[in-house]
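I have placed the structure first, in the form of structure tokens, so that the comments after it can refer back to it.
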Amino acid sequence: DDLIMAQALAEEPDVPRKSEPLNMVEGWVADQARIKERNRRNTVREWDVGKPEHPDEALDIEELKLKEKREQERKMRKERHHRSPTPEAEPPVRKARRKEEDAPAKLLDDLFRKTKTSPCIYWLPLTQEQIAVKEEIRRQHMAEHERRMAELKKAEQARRDRDRRNRK
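Offset between the sequence shown (1-based) and the numbering used here: plus 835.
Next comes the structure, spelled out in structure tokens:
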């Protein structure tokens, strides 16, 4: 029996050659990959239950939803632009009524009547005496400024004259 079996095996042309790939090994690798993939699919951590298997796919779905939403918004905008205006002119009338109905703004005096405190005032108008003093100080400053400008002009003119004399 063994002899017959050995002869039968020797006659089989399924002996792999160096030029031919090993089909048995490739089949085994493919089987192992399939088994690994099955195990990977079946084992899901407790905190991963309900999450998408591939987060990129979930992002693609969200992007598609956003694109669809944008398209719908564009269509709505186009429809709004192409519609003819309504013949009713009530909205401007309503606005006019609202403006008339609005209560006038309360003055600060009215607001402070309700409290015991008075507002802090940082600026008070000047009295006539203070105005006169300020105008006098301003005149003095202007006169001082004009005097300095005249001195600068004289000094500049003197320098130019000296430069001209030195050149000759």
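C-beta atoms are modelled at their ideal positions from N, C-alpha and C, and glycine is treated no differently.
Please read all numbers here as calculations on a predicted model, not as lab measurements.
Check: Which stretch, first to last residue, makes up the alpha helix (DSSP H) that contains Lys-988?; Outcome: 963-1002
Check: Reducing DSSP to helix, strand and coil, say where Val-864 ends up.; Outcome: helix
Check: Return the CA-CA distance between Arg-905 and Leu-899, expressed in angstroms with no decimal places.; Outcome: 10 Å
Check: Compute the Euclidean distance between the alpha carbons of Ile-972 and Asn-1001, then round it to the nearest angstrom.; Outcome: 44 Å
Check: Suppose you measure from the CA of Ala-990 to the CA of Trp-958; what does that come to, to the nearest Å?; Outcome: 44 Å
Check: I'd like the list of long-range same chain contacts for Glu-908, defined as Cβ closer than 6 Å, with 5 residues on each side in sequence excluded.; Outcome: none
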